[in-house]
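**Student:** Chains as they are written, first to last, in this note's numbering: chain A, 1 to 252; chain B, 253 to 516; chain C, 517 to 871.
Glycine is no exception: its CB is placed at the ideal position from the N, C-alpha and C atoms.
Dropping the structure in here first, questions after.
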Amino acid sequence: MLGAYFVFFGIALFNLPWGVAVIGAILVSSFCGILVDRVAYKPLRSAPRISALISAIGVSFFIQNLAIVIFGGIPRPVARPAWLVNVIRVGDIRILPLAIVVPIVTLLLVLGLLWIVYRTKPGLAMRAISKDIETTRLMGVSVNKIIAFTFGLGSALAAASGIMWALRYPQIQPFMGLVPGLKAFIAAVLGGIGSIQGAVIGGMLLGLIEIMAVAFFPHLSGYRDAFAFVLLIVILLLKPTGLMGEKLEDKI
Amino acid sequence: MTTPAAILRTENLTMRFGGLTAVSNFTIDVPQGKIVGLIGPNGAGKTTVFNMVTGFYRPTEGRIFFDGQDITGLQPHMVCRSGISRTFQNIRLFSNETVLENVMIGCHVRRRSKWWMAPLGLPSFRAEEESIRRKSMDLLKSVGLERFAEEPSASLSYGAQRRLEIARALATDPKFLLLDEPAAGMNPQESQELMAFIRNIQKRFDLTILLIEHDMKVVMGVCEYIWVLDYGVKIAEGNPDAIQSDQKVIVAYLGEEYVKYAES
Amino acid sequence: MNARVRNLILNGLLIAALGAFLFWAQNNLDGYKIQVLNLIAVNAILALSLNLIYGFTGMFSLGHAGFMAIGAYVCALLILPAAQKQAMWILEPLIWPLSVINAPFFVAVFSGGLIAAFFALLIAIPVLRLGGDYLGIATLGFSEIIRVVLTNLSFITNGALGIKGIPAFANIWWNYAWLVLTVFFIVRLVNSNFGNVLKAIRDDEIAAKNMGINTFFYRVLSFTIGAFFAGIGGALLGSLITTIDPMMFRFVLTFNILMIAVAGGLGSITGSILGSVVITILLEWLRFVENPMVIGSFQIPGVPGMRMVIFSLALILIILFRREGIMGMREITWNTLFSLGRRSPERNDKGGETK
Numbered sequence: 001m002l003g004a005y006f007v008f009f010g011i012a013l014f015n016l017p018w019g020v021a022v023i024g025a026i027l028v029s030s031f032c033g034i035l036v037d038r039v040a041y042k043p044l045r046s047a048p049r050i051s052a053l054i055s056a057i058g059v060s061f062f063i064q065n066l067a068i069v070i071f072g073g074i075p076r077p078v079a080r081p082a083w084l085v086n087v088i089r090v091g092d093i094r095i096l097p098l099a100i101v102v103p104i105v106t107l108l109l110v111l112g113l114l115w116i117v118y119r120t121k122p123g124l125a126m127r128a129i130s131k132d133i134e135t136t137r138l139m140g141v142s143v144n145k146i147i148a149f150t151f152g153l154g155s156a157l158a159a160a161s162g163i164m165w166a167l168r169y170p171q172i173q174p175f176m177g178l179v180p181g182l183k184a185f186i187a188a189v190l191g192g193i194g195s196i197q198g199a200v201i202g203g204m205l206l207g208l209i210e211i212m213a214v215a216f217f218p219h220l221s222g223y224r225d226a227f228a229f230v231l232l233i234v235i236l237l238l239k240p241t242g243l244m245g246e247k248l249e250d251k252i
Numbered sequence: 253m254t255t256p257a258a259i260l261r262t263e264n265l266t267m268r269f270g271g272l273t274a275v276s277n278f279t280i281d282v283p284q285g286k287i288v289g290l291i292g293p294n295g296a297g298k299t300t301v302f303n304m305v306t307g308f309y310r311p312t313e314g315r316i317f318f319d320g321q322d323i324t325g326l327q328p329h330m331v332c333r334s335g336i337s338r339t340f341q342n343i344r345l346f347s348n349e350t351v352l353e354n355v356m357i358g359c360h361v362r363r364r365s366k367w368w369m370a371p372l373g374l375p376s377f378r379a380e381e382e383s384i385r386r387k388s389m390d391l392l393k394s395v396g397l398e399r400f401a402e403e404p405s406a407s408l409s410y411g412a413q414r415r416l417e418i419a420r421a422l423a424t425d426p427k428f429l430l431l432d433e434p435a436a437g438m439n440p441q442e443s444q445e446l447m448a449f450i451r452n453i454q455k456r457f458d459l460t461i462l463l464i465e466h467d468m469k470v471v472m473g474v475c476e477y478i479w480v481l482d483y484g485v486k487i488a489e490g491n492p493d494a495i496q497s498d499q500k501v502i503v504a505y506l507g508e509e510y511v512k513y514a515e516s
Numbered sequence: 517m518n519a520r521v522r523n524l525i526l527n528g529l530l531i532a533a534l535g536a537f538l539f540w541a542q543n544n545l546d547g548y549k550i551q552v553l554n555l556i557a558v559n560a561i562l563a564l565s566l567n568l569i570y571g572f573t574g575m576f577s578l579g580h581a582g583f584m585a586i587g588a589y590v591c592a593l594l595i596l597p598a599a600q601k602q603a604m605w606i607l608e609p610l611i612w613p614l615s616v617i618n619a620p621f622f623v624a625v626f627s628g629g630l631i632a633a634f635f636a637l638l639i640a641i642p643v644l645r646l647g648g649d650y651l652g653i654a655t656l657g658f659s660e661i662i663r664v665v666l667t668n669l670s671f672i673t674n675g676a677l678g679i680k681g682i683p684a685f686a687n688i689w690w691n692y693a694w695l696v697l698t699v700f701f702i703v704r705l706v707n708s709n710f711g712n713v714l715k716a717i718r719d720d721e722i723a724a725k726n727m728g729i730n731t732f733f734y735r736v737l738s739f740t741i742g743a744f745f746a747g748i749g750g751a752l753l754g755s756l757i758t759t760i761d762p763m764m765f766r767f768v769l770t771f772n773i774l775m776i777a778v779a780g781g782l783g784s785i786t787g788s789i790l791g792s793v794v795i796t797i798l799l800e801w802l803r804f805v806e807n808p809m810v811i812g813s814f815q816i817p818g819v820p821g822m823r824m825v826i827f828s829l830a831l832i833l834i835i836l837f838r839r840e841g842i843m844g845m846r847e848i849t850w851n852t853l854f855s856l857g858r859r860s861p862e863r864n865d866k867g868g869e870t871k
C-alpha cells in the first residue's frame, strides 16, 4: 500500500517521471520497513514470539490508519503509463502489455531474491538465523543488521507488488493491502514457510484457484475471499509444512 | 533376567528419523521393584528410548509392554495413566505456576471429578480439590520443598527444581518412574543425597525406577542392573560389576584409540 | 470465620454494591455515560473470553469476531418481532422457522453463546492441532469465512444489509448480570485444579502431556467455553447498539478485544476487567481528537482516523514496554487485600498468584 501511495505522490507532488517514482517509492518503502523493524521488532527479539506478532499487527493497523489520516480514506485513481495499458494488436489478438510485464517482473524479482538468499553472504546469514539465531550470533554475524536487511528487502518486494497491484486495479486506498497481505501469508504457508520457491508457487496456485473457483462456480462468487482461507485451513490440516516446506521436530 | 516379573518389556524397539536410525532392535526386560540404569555415550539414543516408552515418539518398529499390556504407540497422557511417569533431561517445569501448583497438576490424571463441577462448586468437587492439595503438600514434604510451596517454581535452585520435577512425577501415582539424567549439574554432595533419595522413594512408593545417567558413581551406586546403549544398539547388560569390566563398554565410552593406548 | 465464608460474604457485599452503583447510575448519569458503562461490561465479557483461550490456555486465537458475529445474529433473530423480520429481509425472505421464532432475552443471549460454542467445537477439532502463529492465522481464517458466509446467506442474515432495529433489551442490568455470571464461571474454573491444568498446557504442553493431561481435550474445552462467552458478548453487543452487519465483525473487532486483554494482562481475570474499563474509556475519550477542538480563540480541526492511529500506537507501546499489561498474571483477591493490611513476617512480597 505504501509503495503504491508513494508512487502516486511521487508523480502528483514531485512530478517525477513514472519510472523514477517507482524506484523512489520502493526505496522509501524499504526504508520504512527497516525503521519498523528497528523500532517495533528489534526490542522484542528475545520475547516470546507472539509478542512480536502482536506488535506486527499493531504496526500494520498503525500504518494503515496513519495513511487514512495523511492520505485520506477516499480511494484515488492512479495514473498508469501509457505503454503499459495501451493494448497491442497482433493480428486478431489483443495483448495488454501489463499482462506480460507483471509475470516477467515477478520472475526477475524472484530470481533476484533466490540469488540473494542462496548465493550471497547476507543470504547465507539469513538462512543461518532462521535455523539457530544464538549460534549465528556466536559466529560473529551481526544478527540485527542482517534482520534489518531482510526487512528492507521484504518491504521493497512488498512495495513492488503493491505498485503492480495498483497498475492492475488502478484505485488506491489505505486499506488496500490488508486482504492481499493476508493472502500473501496464506500463500507462504501453502508453499511452505522457509521456501521461496514454495511461496511463489503458493502465490500462483492461490491466485489460480481463486479465479478458477469463481469461474466454475459463479454462484459462489460472493464467497471468493473465503476460498483463500478454506485453502489455508485445508493445507494446515493435511500438510502443515506446506507443499515444499521443512519439517520441524520438537526436541525433548 | 528372571525374577521378579518384568514390569516393562520392549521387543526390538527401533526408531528411525528419515535416514537416521536412532535406536535399533532394543530389547530389554525391566524387573519390577528394581532400580535399573540405561547408560551410554552422548547421542546413543537413551532419551529416544524414554520418548518411545512414554509415547512421545511412535516407534518405527517393535513393541512395548507394560504390566502385560501393549502400550506401543499410545498417546503420552494415556501412557501416564497406565502408570509410567518421567522427568526430563532439560527440566520442564510449569514456570509460571507455584511449586505447589506444579505438583497439583501432576495429581490431575487420577482425579474423578469433571470440569463442569468446578463452576457448580459441588461439595464432592471441593473435597477432591482439598485432598489434591493435601497430597501435593505431602509430596513436597517428602522431597523437602514444603516451605517453598507458594513460591514461583522458576525461583528454585537447580537441585530443588529437579526434586520438584520428581515430586510432580510422583503425583501421577506411577508404578514405573523414568528419570532422565537426574544428577546432571549436581556436585558430589548433592549426588550422594540424590542416591539416597532415589532409594528412599523406590521403597516408599513401591516403584520401579529406570534412570539415564552419565554420573557413574550414581549409576554404579544405585542401579541393580544396567543396559548400555551405543549408537542406538544395546552393546552390553548386566550388574554394575559386570558392566564396569566389560570391554565393549569401555571402548564405547573412551574410544578404541584410548583403550589401545591404555593397554600398550 | 474461615476464609471461605468470609470471601463469600465479601463477594455478596460486592455484588450488592455493584447493584447500588448501577441503580444510582441509571438515575443520575446521562445516556452517553450509561452507554459507556454498558460497553465496559460487554467488552469485559469479551476480553475474559479471549483471556481464557489465550491468557490461560496459551492458544493464540484470532477468531473472536466470528464467534461474536454468530452470537449477535442468533440473538437478533430470536428477539426481533416477526413483523419486523418480514419487513426487513429485502434481499431474500427470511426462511421459516426463523421468520416466526421468538424467545425471551435471556434464552436468546444464551442461545447465541451456545451456537457460537457449537461452531467453535466444529472448528476446534481440526484446527487445534496447530500451534502458535499457525493457530492464529487459521482461526482468523475461520472468522473471515464465517463473516463471508453470513454476508452471503441472505435468507438467514439479510446479507450485507445487516439487521437494524434490534430491540435494545441489553440495559446495564442485563449486561452486568451477564458479566457477573461470566466472572463467576471463569473464576471458579480457573481457580480450581482444572485451571492449573489449562495453565500447564500454556506453560509446557509436552510436560503436561507426559503428566497425564489430555491436552487436546482441554484445549478444545477452553476454546469452546471461550467461544461461548464470545457469543454471549456478541449477542449483548448486538442488542446494545441495535444494528449489526457483517462488516462490523472484521478482524478489527478481534484486534480491539485482543488489545483489551493484553492491556489488562493476559492470564489475569481482574486484568481483563480493568483493561476493559481503561480501554473502553480511552477509546471514547479519544473521540475528541476527531472532533474540532476550540482552545481559546483557536480552532483545531478534527482529524478523522486519528483515534485508531493513537490506539494502534498504544498497543505497540504496551507490547514494547509493558508486555504484561496492567496486572500481568496477578489477581486482586480478598486474600491479597487482607494480607496487604496485615503485617505478617512470612508474607510473600512478590504479590504472586493467590487463590
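1) In whole angstroms, what is the alpha-carbon distance linking ASN888 of chain C and GLU353 of chain B?
2) From A:PHE175, A:ILE57, A:ILE26 and A:GLY177, pick the residue whose C-alpha is nearest to that of TYR41 of chain A; which is it?
3) What number of angstroms, rounded off, separates the C-alpha of PRO642 of chain C from the C-alpha of LYS298 of chain B?
4) Helix, strand or coil for GLY325 of chain B per DSSP?
5) Who are the Cβ neighbours of GLY358 of chain B in its own chain at under 7 Å, not counting the five residues just before and after it?
6) Apply the 10 Å Cβ neighbour rule to PHE804 of chain C and answer buried if 16 or more other Cβ atoms are within range, or exposed otherwise.
7) Between which residues of its own chain and LEU108 of chain A is the CB-CB distance below 8 Å, once the five residues before and five after are set aside?
8) Determine the extent of the beta strand (DSSP E) in which THR479 of chain B is found, giving its start and end residues.
9) So which of C:PHE635, C:ALA563 and C:ASN527 has the shortest CA-CA distance to VAL793 of chain C?
10) For chain C, check one thing: does any of its Cβ atoms lie closer than 8 Å to the Cβ of ARG521 of chain B?
11) Going by beta carbon distance, what residues of the same chain come within less than 8 Å of GLU380 of chain B, once the five residues before and after it are set aside?
12) Quick one: is VAL713 of chain C near chain B, going by C-beta distance under 8 Å?
13) Excluding the 5 residues preceding and the 5 following THR655 of chain C in the sequence, name in chain order all residues of the same chain whose CB lies nearer than 7 Å to its CB.
14) Compile a chain-ordered list of the residues in the segment 639-657 of chain C whose CB is closer than 8 Å to at least one CB of chain A.
15) Please check if any C-beta of chain B sits within less than 8 Å of the C-beta of ASP720 of chain C.
16) Of all the alpha helix (DSSP H) runs that stay within the bounds of the segment 208-240 of chain A, which reach a length of 4 or more residues?
17) Determine, for ALA746 of chain C, whether the minimum Cβ-Cβ distance to residues of chain B falls below 8 Å.
18) Which whole runs of the alpha helix (DSSP H) in the segment 428-485 of chain B are 4 residues long or more, in chain order?
19) Among A:GLU210, A:VAL234, A:SER155 and A:ARG168, which residue has its Cα nearest to the Cα of LEU190 of chain A?
20) When you compare only the Cα positions, how much space is there between CYS32 of chain A and LEU782 of chain C?
21) Please say whether ILE186 of chain A and ALA228 of chain A have beta carbons closer to each other than 8 Å?
22) Between the segment 820-834 of chain C and chain A, which residues of the former have CB atoms less than 7 Å from a CB of the latter, in chain order?
23) From the DSSP secondary-structure annotation, give me the bridge partner or partners of GLY657 of chain C.
24) Is ASN668 of chain C close to chain A? Criterion is C-beta to C-beta, closer than 8 Å.
25) Throw me the rounded Cβ distance for the ARG315 of chain B and ASP322 of chain B pair, which I believe falls under 8 Å.
26) Quick one: Cα of GLY325 of chain B to Cα of GLY678 of chain C, how far?
27) Can you name the residues of chain C whose CB is closer than 7 Å to the CB of ALA370 of chain B?
28) According to DSSP, simplified to helix, strand and coil, what is PHE626 of chain C?
29) Along chain C, which residues have their Cβ under 7 Å away from the Cβ of MET356 of chain B?
30) With a CB to CB cut of under 8 Å and the five nearest residues on each side skipped, what residues in its chain are close to LYS725 of chain C?
31) Distance, Cα to Cα, SER376 of chain B vs SER708 of chain C?
32) Beta-carbon within less than 8 Å of THR759 of chain C's beta-carbon, same chain only, minus the 5 sequence neighbours each way: which residues are those?
33) Pull the bridge partners of PHE269 of chain B from the DSSP assignment, please.
34) For the beta strand (DSSP E) containing LEU392 of chain B, name the first residue and the last one.
35) Quick check: ILE209 of chain A and LEU232 of chain A, are their CB atoms within less than 8 Å of each other?
36) Which residues of chain A have a Cβ atom closer than 7 Å to the Cβ of ILE661 of chain C, listed in chain order?
**Tutor:** On the basis of the data shown:
1) Look at the range of chain C in this structure, 517 to 871, and you will see that residue 888 of chain C is not part of it.
2) If we check each option's Cα against that of TYR41 of chain A, A:ILE57 comes out closest.
3) PRO642 of chain C and LYS298 of chain B: Cα-Cα distance of roughly 34 Å.
4) Here GLY325 of chain B sits in coil by DSSP.
5) Once the five neighbours on either side are set aside, the close Cβ partners of GLY358 of chain B are ARG420, ALA421, ALA423 and THR424.
6) Exposed, because fewer than 16 other Cβ atoms sit within 10 Å of the Cβ of PHE804 of chain C.
7) Short of 8 Å from the beta carbon of LEU108 of chain A, and not among the five residues preceding or following it, lies no beta carbon of its own chain.
8) At residue 479 of chain B the sequence reads Trp, which differs from the Thr that was named. 477-482 is the extent of the beta strand (DSSP E) around TRP479 of chain B.
9) Taking only the C-alpha atoms, the option nearest VAL793 of chain C is C:ALA563.
10) Lying before the first or after the last residue shown, residue 521 of chain B is absent from chain B, which here runs from 253 to 516.
11) Hits under 8 Å: ARG363, ARG364 and SER365.
12) Residue-level contact check: VAL713 of chain C touches chain B, since one or more beta carbons of chain B fall below 8 Å from its beta carbon.
13) Close CB contacts of THR655 of chain C within its chain, under the 7 Å cut and outside five residues either way in sequence, are with SER577, LEU578, GLY579 and VAL643 (chain order).
14) Cβ contacts with chain A come from PRO642, VAL643, ARG645, LEU646, GLY648, ASP649, TYR650, GLY652, ILE653, ALA654, LEU656 and GLY657.
15) Chain B contact via Cβ: present.
16) If we require 4 residues or more, the alpha helix (DSSP H) runs fully inside the segment 208-240 of chain A come out as 224-238.
17) It does not: the Cβ of ALA746 of chain C has no partner Cβ on chain B nearer than 8 Å.
18) Correct list: 440-457 and 468-474.
19) When only C-alpha atoms are compared, the closest one is A:VAL234.
20) C-alpha separation (whole angstroms): 31 Å.
21) A contact, by the Cβ cut-off of 8 Å.
22) Those would be GLY821, MET822, MET824, VAL825, SER828, LEU829, LEU831 and ILE832, in chain order.
23) DSSP lists no partner for GLY657 of chain C.
24) With 8 Å as the cut-off, ASN668 of chain C counts as an interface residue toward chain A.
25) Their Cβ separation, rounded to whole angstroms, is 6 Å, which keeps ARG315 of chain B and ASP322 of chain B in contact under 8 Å.
26) Roughly 51 Å between the two C-alpha positions.
27) Per Cβ cutoff of 7 Å: ARG704, LEU705, SER708 and PHE710.
28) In the structure shown, PHE626 of chain C sits in a helix (DSSP, three-state: H, G or I).
29) Simply ASN709 and ASN712.
30) Result list for LYS725 of chain C: THR731, in chain order.
31) Rounded to whole angstroms, SER376 of chain B to SER708 of chain C spans 13 Å at the Cα level.
32) Scanning its chain for C-beta atoms nearer than 8 Å, with the 5 sequence neighbours on each side dropped, one finds around THR759 of chain C the residues GLY678, ILE679, LYS680, GLY681 and ILE682, in chain order.
33) DSSP, once it has assigned bridges, lists B:LEU272 as partnering PHE269 of chain B.
34) First-last for LEU392 of chain B: 375-394, but that is the alpha helix (DSSP H), not the beta strand (DSSP E).
35) No. Outside cutoff.
36) Those are ALA226, PHE229 and VAL230, listed as they occur along chain A.
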